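> Each residue of the sequence shown is one higher than the last, beginning at 1 in my numbering.
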Amino acid sequence: MKRRDHLDYLQDILESIDDVQSFVAGMSYEDFANDRKTVNAVIRSIEVIGESARAVPDSVKRKNPSIPWEKMVSMRNKLIHEYFGVDIEIIWQTIQEDISPLRDDIAELISKEE
Numbered sequence: 001m002k003r004r005d006h007l008d009y010l011q012d013i014l015e016s017i018d019d020v021q022s023f024v025a026g027m028s029y030e031d032f033a034n035d036r037k038t039v040n041a042v043i044r045s046i047e048v049i050g051e052s053a054r055a056v057p058d059s060v061k062r063k064n065p066s067i068p069w070e071k072m073v074s075m076r077n078k079l080i081h082e083y084f085g086v087d088i089e090i091i092w093q094t095i096q097e098d099i100s101p102l103r104d105d106i107a108e109l110i111s112k113e114e
């Protein structure tokens, strides 16, 4: 089995972002909050984003300080360790405000690194 490198983890982030966007396409906050399956799918994808961000080498992170590496890892940690205290509004806000710009940054980084 091929050993994973940072491009694999960046691709995981990109794919998980695409999943999140696909899961919530056309939904309002109320639709999202009342759709447990979608909420759980989004939470899982955000966990993968954070886990993958954690695996990106520090050298790559230092060269790309505008990408919110720590925020991604922190969100993952909150979702994993405070599952019953997860605030759905914060998840929705993250989707609405942070996911698209993050996707652009990660896609640009992948194209630079390939």
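All C-beta atoms in this analysis are idealised placements derived from N, C-alpha and C, irrespective of residue type, glycine included. In this text the structure is predicted, and so the values were computed from the model without any measurement.
Output the distance between the C-alpha atoms of L10 and N40, rounded to the nearest integer angstrom.
If I take the Cα positions, the gap works out to 22 Å.
> Measure the C-alpha to C-alpha separation of R36 and E97 and round it to an integer number of angstroms.
Those two C-alpha atoms are separated by around 21 Å.
> Output yes or no for whether 8 Å exceeds the beta carbon distance between G50 and M75.
For G50 and M75, yes; Cβs fall inside 8 Å.
> Locate the alpha helix (DSSP H) running through E108, then write down its first and last residues.
Here the alpha helix (DSSP H) through E108 covers I99 to E113.
> Taking the beta carbon of I106 as the centre, do at least 16 other beta carbons fall within 10 Å, making it buried, or is it exposed?
The residue is buried, with at least 16 neighbouring Cβ atoms inside 10 Å.
> Since L7 and E47 are thought to touch, with beta carbons under 8 Å apart, how far apart are those beta carbons, to the nearest angstrom?
Contact doesn't hold; Cβ gap of about 20 Å is too wide.
> If distances are taken between C-alpha atoms only, which option among N34, M1, I67 and S22 comes closest to E115?
Given that the chain is displayed from residue 1 to residue 114, the structure contains no residue 115 and the question cannot be resolved.
> Count the other C-beta atoms from every protein chain shown that fall within 10 angstroms of the C-beta of S59, then say buried if there are 16 or more, exposed otherwise.
Exposed, because fewer than 16 other Cβ atoms sit within 10 Å of the Cβ of S59.
> Tell me where the alpha helix (DSSP H) around I46 begins and ends.
Run containing I46: R36 to A55, per the alpha helix (DSSP H) assignment.
> Which residues in the same chain have their Cβ closer than 8 Å to the Cβ of F114, if we skip the five residues on either side of it in sequence?
First, the residue type needs correcting, since residue 114 is Glu and not Phe in the sequence shown. Contacts found: L7.
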